[in-house]
Structure formats: C-alpha cells, structure tokens
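Q: The numbers in the numbering used here rise by one with no breaks, and the one at position 55 of the sequence shown is 55.
Following this message is one structure expressed as structure tokens.
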Amino acid sequence: MRQDETTVVPCPGCGKSVPWNESSPYRPFCSKRCQLIDLGEWAAEEKVIAGSQLLSDQDEWSEDSGKDQF
Numbered sequence: 001m002r003q004d005e006t007t008v009v010p011c012p013g014c015g016k017s018v019p020w021n022e023s024s025p026y027r028p029f030c031s032k033r034c035q036l037i038d039l040g041e042w043a044a045e046e047k048v049i050a051g052s053q054l055l056s057d058q059d060e061w062s063e064d065s066g067k068d069q070f
C-alpha cells in the first residue's frame, strides 16, 4: 500500500465508511454516537466474546466450594 492511500473500514455500528487516519477521532466508529451505542451494548451484556461458559449460575463460588475435592 502506498503512503498516500488511506485505509477505509466500515463503522461497526452503522456500516458507514470511515477513513483510518487522524481525521477520524472515533475510529473504527464514524461518530461518538455509534461509539457510545456500542459501549452500551457491551455494558448491557448484549454483546459477548464467543466461547464456552466458565461457570453456570448453579456453579457459583461459595466459601465451602472445593473443600471435598482433595
């Protein structure tokens, strides 16, 4: 890639094209609004990283957990 070419990425929120350079302060988002919407979705646990669940609600830690394992 040449130095004068700017990489363009889609905004994760709305899909709008965003240049990946200093002129886009919210990159990879197109705006503060899309950035805050995404943050809110993570905070509300509407988005998660895929993988196996480590503990179920029934397997919550307690003070006596693990005492009889040895």
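Just so you know, even glycine gets a beta-carbon here, dropped at the ideal spot from N, CA and C.
Where DSSP assigns a beta bridge to Pro10, which residues make up the other side?
A: The sequence position of residue 10 within the sequence shown is 10, counting from 1. Note: Pro10 sits in a beta bridge opposite Ser17.
Q: Can you give the Cα-Cα distance for Ile49 and Asp38, rounded to whole angstroms?
A: Here residue 49 refers to the residue found at position 49 of the sequence shown. Here residue 38 refers to the residue found at position 38 of the sequence shown. Looking at the two C-alpha atoms, the distance is approximately 14 Å.
Q: Do Ser17 and Pro25 count as a contact pair if the criterion is CB distance below 8 Å?
A: Against the sequence shown, residue 25 aligns to sequence position 25. Against the sequence shown, residue 17 aligns to sequence position 17. Result no, Cβ atoms of Pro25 and Ser17 do not sit closer than 8 Å.
Q: DSSP on Ala50, reduced to helix/strand/coil?
A: For the purposes of this step, residue 50 is taken as the residue at position 50 of the sequence shown. Reduced to three states, the DSSP call for Ala50 is coil.
Q: Buried or exposed for Cys14, going by 16 or more other Cβ atoms inside 10 Å?
A: Position 14 of the sequence shown, counted from the start, is the residue given in the question as residue 14. Its Cβ having fewer than 16 others within 10 Å, Cys14 is exposed.
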